[in-house]
Amino acid sequence: MWVNAGGDKFWVKYHFKTDQGIDFLTQEDADRIAGENADYHRQDLFEAIRDGDFPTWTLHMQIMPFEEARTYRFNPFDLTKVWPHADYPLIKVGTMTLNRNVTDFHTEMEQASFEPNNLVPGIGLSPDKMLLARGFSYADAHRARLGVNYKQIPVNAAKEAEVHSYSKDGVGRTVNAKDPVYAPNSYGGPAADPSRTDDAGLWAADGDMVRSAYTPRADDDDFGQAGTMVREVLDADARERLVSNVAGHLSDGVSDAVLAPGVRVLEERRRRPRREDRAGRRRGRRRLTHGVRGASLDDAGRAQPREGVPASRRPRRRGRRGHRPPRRRGRRRAAAARPPG
Ligand code: HEM
102 MWVNAGGDKF WVKYHFKTDQ GIDFLTQEDA DRIAGENADY HRQDLFEAIR DGDFPTWTLH
162 MQIMPFEEAR TYRFNPFDLT KVWPHADYPL IKVGTMTLNR NVTDFHTEME QASFEPNNLV
222 PGIGLSPDKM LLARGFSYAD AHRARLGVNY KQIPVNAAKE AEVHSYSKDG VGRTVNAKDP
282 VYAPNSYGGP AADPSRTDDA GLWAADGDMV RSAYTPRADD DDFGQAGTMV REVLDADARE
342 RLVSNVAGHL SDGVSDAVLA PGVRVLEERR RRPRREDRAG RRRGRRRLTH GVRGASLDDA
402 GRAQPREGVP ASRRPRRRGR RGHRPPRRRG RRRAAAARPP G
């Protein structure tokens, strides 16, 4: 969420679009390369920056007036959905350039602690449940990884402001603590500023969306945008890779107890497609032909349009189990607590 100086609130989506173009590795290539050079991507990035071939990303924003989130036809905080560009066009904001490599890997890289809850005035989180979880989870990981005073490490400390936190002593405290470090307190110490948080009623307008399960809306279905993406945006090869990758992951250690209910649903659907599936498919097509809604074709922009290859002639999946995801090697961080991120 953005709040401007006048107090007007907006919901925003950030789009960092690569200026390098999009390329990909097949699972086979990735498996092989991971065995030959686990730092393949890092090396590519390091060498490009070293040689002055700085990678850039153009930042675009989609901006939704605060009130529109209440009634938009699907839940805008469901991160599995795109906001159609026809409703919320991309507005170009600037360019991010990576123009310097770190010179001390431990100090500047291993100790770097990024967290979505590091926010400056005017920028806040949204009721996107995944983002809310990330709002506490990264900081927890940093405390476990680097100690409770990780914000004092120069690479993490703000350049113009003193570091304040609720931790007094503990690992890595390097700046003398000024009592009290807790709030509320009776000694003129730090005070929480609820005007910047949910307590200020910033989200109250969204009612149920904030604390309880999402309330479905007219166009809130799980298949519309995803189906359009698979059927209309991906070409036959991309679809093949998607199926192979999903199957590879599912068959790599997911227990039968977890898989069985999903398999039952899929078998049932294959035998007897449900009416809402067929309706969803028609709806998806209609949206695309009217060029207004559905999956954001602009977003998937560089993918080839569907080639119209009938299912029977599409390449078959290689191998019964699909491809296995590459094994992670050489993790630079104590990643025991790291969920897939
Ligand atoms: C849209 C979804 C998400 C995105 C785009 C995302 C992105 C990332 C990225 C780019 C990293 C850094 C990886 C690296 O340093 O190699 C990361 C790490 C991490 N992510 Fe996520 N993540 C997402 C979801 C989540 C969720 C749902 C959680 C937990 C509730 C989570 C917890 C973490 C943690 C704990 C780390 C490690 C932080 C550290 O020690 O530096 N992430 N994530």
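Letter by letter, the sequence shown follows residues 102 to 442 in the numbering used here.
Note that the Cβ used here is the ideal one computed from N, Cα and C, for glycine as well.
Treat the numbers as computed from the prediction; the structure is a model and nothing was measured.
Integer Cβ distance of A327 from R174, believed to fall under 8 Å: In fact, because the Cβ distance is near 17 Å, the residues do not count as touching under 8 Å.
Evaluate G325 with the Cβ neighbour count: other Cβ atoms within 10 Å of its Cβ, from every protein chain shown; 16 or more gives buried, anything less gives exposed. Counting Cβ neighbours within 10 Å, G325 comes out buried, since at least 16 surround it.
Figure out for me which residue from F111, L247 and A284 has the closest Cα to the Cα of H265. Selected option, being the one with the closest Cα: A284.
Tell me the rounded alpha-carbon separation between P156 and R244. If you take the alpha carbons of P156 and R244, they lie about 31 Å apart.
When the distance is taken between beta carbons, is D109 closer than 8 Å to F178? Taking 8 Å as the Cβ cut-off, F178 and D109 do not qualify as a contacting pair.
Proximity of D294 and N176 at Cβ, strictly below 8 Å: No Cβ-Cβ contact shorter than 8 Å links D294 with N176.
Is M210 close to ligand 1? I mean its beta-carbon at under 7 Å from any heavy atom of the ligand. No, the Cβ of M210 stays beyond 7 Å of every heavy atom of ligand 1.
CB of Y239 to nearest heavy atom of ligand 1: below 7 Å? Y239 Cβ: within cutoff of ligand 1.
Give a single yes or no on whether A258 has its beta carbon closer than 7 Å to a heavy atom of ligand 2. What this structure holds is ligand 1, not ligand 2.
Just the C-alpha distance for F111 and D120, rounded to the nearest angstrom, thanks. Going from the Cα of F111 to the Cα of D120 covers about 27 Å.
Opening and closing residue of the alpha helix (DSSP H) in which V364 lies: Annotation for V364: the continuous alpha helix (DSSP H) segment containing it runs D357 to R372.
When you measure from the CB of L160 to every non-hydrogen atom of ligand 1, does any distance come out below 7 Å? Not under cutoff, so the answer is no.
Could you please give me the residues that DSSP links to W112 through a beta bridge? Partner(s): M165.
K252, DSSP secondary structure in three states: Here K252 sits in helix by DSSP.
Tell me where the beta strand (DSSP E) around K193 begins and ends. Residues I192 to T198.
Rounded straight-line distance, which links the Cα of L351 to that of L360: Roughly 8 Å separates the two Cα atoms.
State the DSSP-derived secondary structure class of K118, mapped to helix, strand or coil. K118 falls in the strand class under three-state DSSP.
If you reduce the DSSP assignment to three classes, tell me which class T204 lands in. Looking at T204 - three-state DSSP - the assignment turns out to be coil, as it is neither helix nor strand.
With distance defined between alpha-carbon atoms, name the residue in S268, I224 and P222 nearest to D241. It is S268 whose Cα lies nearest to the Cα of D241.
Using the three-state DSSP reduction, which class does G334 fall into: helix, strand or coil? Before going on, a small fix: residue 334 reads as Val here, not Gly. For V334, the three-state secondary structure derived from DSSP is helix.
C-beta atoms of G236 and N218 nearer than 8 Å: Taking a C-beta distance under 8 Å as the contact criterion, G236 and N218 qualify as a contact pair.
Residues near I192 by beta carbon distance below 7 Å, same chain, minus five either side: Non-local C-beta neighbours of I192 in its own chain, meaning closer than 7 Å and more than five positions away in sequence, comprise H161, M162 and I164, ordered along the chain.
Cβ of F117 within 8 Å of Cβ of W158? Closer than 8 Å, so yes.
Sub-8 Å separation of G457 and Y251 beta-carbons: Absent from the model: residue 457. The displayed extent of the chain is 102 to 442, so no value can be given.
For the candidate residues G107, K114, G289 and D353, whose alpha-carbon lies nearest to that of H186? In terms of CA proximity to H186, K114 leads the group G107, K114, G289 and D353.
What does a CB cutoff of less than 6 Å around Y189 pick up in its chain, not counting 5 residues either side in sequence? Result list for Y189: Q163 and M165, in chain order.
I'd like to check one pair, N346 with Q128: are the Cβ atoms closer than 8 Å? Yes, they are a contact pair.
Simplified DSSP assignment, three categories, for L220: Three-state DSSP puts L220 in coil, outside helix and strand.
Please find out if some non-hydrogen atom of ligand 1 comes closer than 7 Å to the beta-carbon of R235. Yes - ligand 1 has a heavy atom lying nearer than 7 Å to the Cβ of R235.
Closest residue to K182 among D323, R371 and D353 (Cα-Cα distance): Ranked by how close their Cα comes to the Cα of K182, the residues D323, R371 and D353 have D323 in first place.
Label M197 either buried or exposed according to how many other C-beta atoms from any shown protein chain fall within 10 Å of its C-beta, with 16 as the threshold for buried. So M197 ends up on the exposed side.
Using CA coordinates, which residue listed in R342, A348 and A170 is at the minimum distance from F125? Sorting R342, A348 and A170 by C-alpha distance to the C-alpha of F125 places R342 at the top.
Could you tell me if the beta carbon of R244 falls within a distance shorter than 7 Å of some heavy atom in ligand 1? R244 Cβ: outside cutoff for every heavy atom of ligand 1.
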